[in-house]
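Those protein sequence lines, which keep their order, are chains A and B.
Each residue of the first sequence is one higher than the one before, counting from 1 in our numbering.
Each residue of the second sequence is one higher than the one before, counting from 1001 in our numbering.
We treat Cβ as the ideally placed atom computed from N, Cα and C, and that holds for glycine.
There are 2 protein chains.
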Amino acid sequence: MSFYEKLKFTADGLIPAVVQEQSTGRVLMMAWMNRASLEKTIETGKTHFWSRSRQKFWMKGEESGHTQTVKDVAFDCDGDTLLIQVEQTGAACHEGYKSCFFRSVEGDGTSFETTEPQLKSPGDIYGKKK
Amino acid sequence: MSFYEKLKFTADGLIPAVVQEQSTGRVLMMAWMNRASLEKTIETGKTHFWSRSRQKFWMKGEESGHTQTVKDVAFDCDGDTLLIQVEQTGAACHEGYKSCFFRSVEGDGTSFETTEPQLKSPGDIYGKKK
Chain A
1 MSFYEKLKFT ADGLIPAVVQ EQSTGRVLMM AWMNRASLEK TIETGKTHFW SRSRQKFWMK
61 GEESGHTQTV KDVAFDCDGD TLLIQVEQTG AACHEGYKSC FFRSVEGDGT SFETTEPQLK
121 SPGDIYGKKK
Chain B
1001 MSFYEKLKFT ADGLIPAVVQ EQSTGRVLMM AWMNRASLEK TIETGKTHFW SRSRQKFWMK
1061 GEESGHTQTV KDVAFDCDGD TLLIQVEQTG AACHEGYKSC FFRSVEGDGT SFETTEPQLK
1121 SPGDIYGKKK
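Structure representation (structure tokens):
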């Protein structure tokens, strides 16, 4: 059976993709793919997504240079989520952090703290092209 | 500012939660939470989710005993995804694998392979109670 036949896309034709840095195990981000962006990801070895807010197909790092080289593509028991292992160039987060998950809940859950250093400012990442 | 004010739930009041085993870095599963299940997760230190298919609030492991003890709750830059670090008892996957992501794409992306051992059969996990 084909891998694609095991997947369940939403009514909008999308599937969430969790992206993990293979070398460190750090979960970097979660973004949405449609079938075309998943095929492009497997074909090129660079992650491609579908932006729901911009209704646009994009390659991660196309503006910032912070691309992701694909090492493995896994899917879950229900076929409705992908887990993609990558090597990350630079910061995965558009806010300049290695991971988009740079804040954690503190204590009773009402406050939060930043848990990792900001590697670059967003201006440093995107300033030259905007 | 409260942690909850940073979160963006979907129109259905849900937010995806990626669950990672803290000790190994293995991504175990992705499931959905509503605000009540997130509050319960933080309050009790055990993961609780909202089942979209069953329209039901549930504690992970309530039938199988395979509970998840919460070590950290992080959220991403857009506030629309959670990353929860846990200690996993037994298998996270209802199919008896440690992780729900037990299959990976092979070669050109049309076939796939199982990448980890099945720890238990679903019958062993749920058989006694069904």
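{"Check": "Which class does Phe112/A belong to by DSSP, given the choice of helix, strand or coil?", "Outcome": "strand"}
{"Check": "Give, in chain order, every residue of the segment 111-126 of chain A whose Cβ lies closer than 8 Å to some Cβ of chain B.", "Outcome": "Ser111, Phe112, Thr115"}
{"Check": "Kindly list, in the order they appear in chain A, the residues whose Cβ is closer than 7 Å to that of Leu1083/B.", "Outcome": "Val27, Phe101"}
{"Check": "Below 6 Å CB to CB, which residues in the same chain sit around Phe26/A once its five sequence neighbours on both sides are set aside?", "Outcome": "The amino acid occupying residue 26/A in the given sequence is Arg; Phe does not appear at that position. Closer than 6 Å at Cβ, skipping near neighbours: Ser99."}
{"Check": "Would you kindly check if the distance between the Cβ of Gln20/A and the Cβ of Leu82/A is under 8 Å?", "Outcome": "no"}
{"Check": "Taking DSSP as the reference, what is the three-state secondary structure of Ser2/A?", "Outcome": "coil"}
{"Check": "Could you name the residues of chain B that His94/A contacts, counting a contact when the two beta carbons are closer than 8 Å?", "Outcome": "Cys1077"}
{"Check": "Name the two residues that bound the continuous beta strand (DSSP E) containing Ser104/A.", "Outcome": "103-106"}
{"Check": "Excluding the 5 residues flanking Ser37/A on each side, which residues of the same chain have their C-beta closer than 7 Å to its C-beta?", "Outcome": "His48, Phe49, Trp50, Phe57"}
{"Check": "If you measure from the beta carbon of Ser1002/B to each beta carbon in chain A, is any gap under 8 Å?", "Outcome": "yes"}
{"Check": "How big is the Cα-Cα spacing for Gly1065/B and Lys1046/B?", "Outcome": "12 Å"}
{"Check": "List in chain order: all unbroken beta strand (DSSP E) runs of 3+ residues lying wholly within the segment 1017-1046 of chain B.", "Outcome": "1027-1034"}
{"Check": "Confirm, please, whether the CB-CB distance from Ser1104/B to Val73/A is below 8 Å.", "Outcome": "yes"}
{"Check": "Within 10 angstroms of its Cβ, does Ala1011/B collect 16 or more other Cβ (buried), or is it exposed?", "Outcome": "exposed"}
{"Check": "If you count every other CB in all the chains shown that lies within 10 Å of the CB of Thr41/A, and 16 or more means buried, which is it?", "Outcome": "buried"}
{"Check": "Where does Asp1108/B land, buried or exposed, given buried means 16+ other C-beta within 10 angstroms?", "Outcome": "exposed"}
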